[in-house]
Amino acid sequence: MFESSPAFSGFSVDDIAKAKAFYGDTLGVKVSEEHGLLNLHLGGGAHVLAYPKDNHVPATFTILNFPVDDIDAAVEALTARGVSFLRYDGFDQDDKGIALGGGGRGPTIAWFTDPAGNVLAVHEDL
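End of the sequence shown sits at 1126 in my numbering; the numbers just go up one at a time, nothing left out.
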């Protein structure tokens, strides 16, 4: 039924203007705004919709993953742009907040949040 549908994902934010600045300027994602909704135009032709919600509650799980070739360089660049990385109990994270993967432990990954508190990640080795 949906095998040829151009499906997309979406998530809520509490402030479209802040989300637009963060995703567009801080992360460098191509963004467009239409009818009060924010479209994130991702690599490979994918897109994700961010919509405003007055009673927004941040996602406590990773809503968007950004694969990178060099996680150290990505984390350093994001940190220089003011992004802070999360730390989770049970993960062996370095001083930058990068959890080392491999050996069946999952990808090398670092988590951060958008201005609405939604969890995002950069990772390699996925």
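C-beta: ideal position from N, C-alpha, C; glycine also.
### Message
In the DSSP output, which residue or residues are listed as bridge partners for Leu1037?
### Response
On the sequence shown, residue 1037 is found 37 positions in, with the first residue counted as 1. Paired residues: Glu1034.
### Query
What's the call for Val1057, buried or exposed, on a 16-neighbour Cβ count within 10 Å?
As a position in the sequence shown, residue 1057 is number 57, starting the count at 1. Flag for Val1057 reads exposed.
### Query
Among Pro1006, Met1001, Thr1108, Gly1090, which has the Cα closest to the Cα of Gly1044?
Within the sequence shown, numbered from 1, the residue matching residue 1044 stands at position 44. Residue Pro1006 is the option with its Cα nearest to Gly1044.
### Task
For the alpha helix (DSSP H) holding Thr1113, just list the boundary residues, first then last.
The residue given as residue 1113 occupies position 113 in the sequence shown. Not the alpha helix (DSSP H): Thr1113 falls in the beta strand (DSSP E), residues 1108–1113.
#### Entry: Whole-angstrom distance between Met1001 and Thr1062, CA atom to CA atom
Counting from one through the sequence shown, the residue named residue 1062 turns up at place 62. Counting from one through the sequence shown, the residue named residue 1001 turns up at place 1. Each residue's Cα considered, the two are about 28 Å apart.
### Task
Please classify Gly1010: does DSSP put it in a helix, a strand, or coil?
As a first step, residue 1010 is located in the sequence shown; it is residue number 10 there, counting from the start. Here Gly1010 sits in strand by DSSP.
### Query
Taking Cβ positions, are Phe1022 and Asp1094 nearer each other than 7 Å?
The residue given as residue 1022 occupies position 22 in the sequence shown. The residue given as residue 1094 occupies position 94 in the sequence shown. Going by C-beta atoms, Phe1022 is not nearer than 7 Å to Asp1094.
### Query
Any idea if Ser1084 is buried or exposed, counting beta-carbon neighbours within 10 angstroms, 16 or more meaning buried?
Translated into positions along the sequence shown, residue 1084 becomes position 84. When all chains shown are included, Ser1084 counts as exposed.
### Query
Cα separation between Leu1038 and Val1048?
Residue mapping note: residue 1038 aligns to position 38 of the sequence shown, counting from 1. Residue mapping note: residue 1048 aligns to position 48 of the sequence shown, counting from 1. Distance between the alpha carbons of Leu1038 and Val1048: 8 Å.
### Task
State buried or exposed for His1041, treating a residue as buried only when at least 16 other CB atoms are found within 10 Å of its CB.
The sequence position of residue 1041 within the sequence shown is 41, counting from 1. Per the 10 Å Cβ criterion, exposed.
### Task
Would you kindly work out how many angstroms separate the C-alpha atoms of Gly1101 and Thr1108, rounded to a whole number?
Position 101 of the sequence shown holds residue 1101. Position 108 of the sequence shown holds residue 1108. Straight-line Cα distance between these residues: approximately 4 Å.
#### Entry: Simplified DSSP assignment, three categories, for Ala1019
Taking the sequence shown and counting its residues from 1, one reaches residue 1019 at position 19. DSSP places Ala1019 in helix when its eight states are reduced to three.
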